[in-house]
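If you're matching positions, the sequence shown starts at 23 in the numbering used here and goes up one per residue.
For glycine and all other residues, C-beta sits at the position ideal for the given N, C-alpha and C.
Bear in mind the structure is a predicted one, so any value in this text is a computation, not a measurement.
Down below is the structure, laid out as structure tokens.
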Amino acid sequence: MLILLPPSEGKTAPRRGRPLDLAALSFPELTATRERILDAVGGLDLRMAPAAPAGSVYSGVLYQALALADLDGAALRRARAQVVVVSALWGAVRLRDRIPAYRLPMQSALPGLGPLAGLWRAPLGAVLPAAARRGLVVDCRSTVYATAWRPVGALVGRTVRVRVFREADGVRTVVSHMAKHTRGLVAREIVTTGLDPRRPEELAEALAVRFRVELRAGPPGQPVHLDIVEPG
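As structure tokens, this is what we get:
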């Protein structure tokens, strides 16, 4: 299984530690693009700044809900194996990859490189399907990060896109900020319970123990939506 998360706007800057080692990051196929982006943003400070595991650098609402520090050993191992963070600067990293704190949203466009979502589309298309192997892809990314890579072919049928709604008096509204918290809880539920569904229907059934879940067909050629409905 592959759990795709966005990075968080809130980051905890490491106070000490070895600096960034690009060659040591997961998905070495992305190194050349990472280099180009670092050069474009004047990345000398980032190259020299202390680095720490991405799971501790990302500290926003989603990662507070995921609460890696509170996971037991087995759940933490699953999180490190299954979670991939899609990033504007790194492309994709795993939770153990050591990175510095940074600010670079995916909607950025850099001189000479253009929009970052477009720049990452082909490189991510080369590595994320391989990372998914034959398992399910649980896509918890926000909309802007989802534009950097979308599944194609057979992988579409093994991908679920998590959306969050609030319902009050029979009316549903899209949840924005707190959707991050709910997506973090979904990721935590998967890694703590050791879920290993092979089909979207199996994932929805398993998550229904904890959440109010609805599985809905996506547009033609796109993944199904796994909707989490919260009370208003």
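Pull up the DSSP beta-bridge partners for residue 33, would you. Beta-bridge partners of residue 33 (DSSP): 80.
What separation, rounded to the nearest whole angstrom, lies between the Cα atoms of residue 36 and residue 72? 6 Å
Residue 80 to residue 238, Cα distance in whole Å? 30 Å
Could you check whether residue 77 and residue 32 sit closer than 8 Å to each other, using their CB atoms as the reference points? no
Classification of residue 199 by the beta-carbon crowding that lies within 10 angstroms, buried from 16 upward: exposed
What does the alpha-carbon distance come out to for the pair residue 68 and residue 107? Going by the C-alpha atoms only, they are around 18 Å apart.
Determine which residues share a DSSP beta bridge with residue 109 and list them. 113
For residue 47, name the three-state secondary structure that DSSP assigns. coil
Closest to residue 230 by CA distance: which of 217, 53, 190 is it? 217
Spatial distance of residue 24 from residue 43 (CA atoms): 24 Å
Would residue 159 and residue 173 be called neighbours here (beta carbons separated by less than 8 Å)? yes
How many angstroms separate the CA atom of residue 84 from the CA atom of residue 181? 20 Å
Contact the region 210-229 vs the region 92-103: 3+ CB pairs below 8 Å: Yes, since at least three Cβ pairs between the region 210-229 and the region 92-103 fall closer than 8 Å, the two stretches touch.
Going straight from the alpha carbon of residue 242 to that of residue 171, what length do you get? Going from the Cα of residue 242 to the Cα of residue 171 covers about 17 Å.
Between the Cα of residue 74 and those of 100, 124, 247, spot the shortest distance and give me the residue it belongs to. 124
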